[in-house]
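Okay, structure first, notes after.
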Amino acid sequence: MSLHILLELMDLAAFDFLAGNLDRHAYQRFTDLGEESFVILFDSGRAFSQPSHDHMSALAPLRQCCRIRLSTLAKFIKLYKGPDSLGMVMRSSLNSDPLSPILTDVYFEALDRRVEKVIKTISDCLVNATSWDAVVFDDLSS
């Protein structure tokens, strides 16, 4: 498996953790793009079902592989430090949906709490790593 695909799967693990989706059975890729292929998600049916419980097992791939894109980490840090949290961004986005309200406040709070747990997971990886570059892969300078 290429590093590019591994990093795609780490993003997927973080996404599933944020959404509380433990039901990921499959994903697809456009293999015609070779090394530049990307993961396509099509099944998040159990997402946002338990806002009060953070399924830490969904972060197992990230915790075990300890790899993340710099761009992904930067987004998590921005959503943690602000000025707008992920919960605030989602609330604002979903307010304009014709079916609003889509999620209740407890789900927005869960998103913010889970962002912090993703950052903690990466922080733990960095503490145990030999270097920053062993965990964080710079996809921004290319």
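What the sequence shown shows, in mature numbering (1 follows the signal peptide of the UniProt record, and there is no 0), is residues -15 to -1, 1 to 127, in sequence order. A virtual CB, placed ideally from N, CA and C, is assigned to each residue, including glycine. Remember, it's a predicted structure, so these values are computed and weren't measured experimentally.
For VAL120, the three-state DSSP class (helix, strand or coil) | coil
Given 8 Å, three or more beta-carbon pairs between the region 36 to 51 and the region 61 to 72 = no
Euclidean distance between Cα positions of ALA(-2) and PHE122 = 16 Å
Where does ILE53 fall in DSSP's three states?
-> strand
Do we get a CB-CB distance below 7 Å when we pair PHE(-1) with the residues of chain C?
-> In the structure shown, chain C does not exist; there is a single protein chain.
So ASN113 is in the alpha helix (DSSP H); what residue range does that whole segment cover?
-> 90 to 113
Please work out which residues of its chain come closer than 7 Å, Cβ to Cβ, to THR106, disregarding the five sequence neighbours upstream and downstream, and give them in chain order.
-> LEU44, LEU47 and ARG48
Where does ARG31 sit, in a helix, a strand or coil, going by DSSP?
-> coil
Neighbourhood of MET(-6) by C-beta distance below 7 Å, restricted to the same chain and skipping five residues each side | PRO46, LEU47, CYS50, ARG52 and ILE53
Can you tell me the Cβ-Cβ gap for HIS38 and PHE2, rounded? I've got them flagged as a contact below 8 Å.
-> Going by Cβ atoms, the distance from HIS38 to PHE2 rounds to 12 Å, so no, they are not a contact pair.
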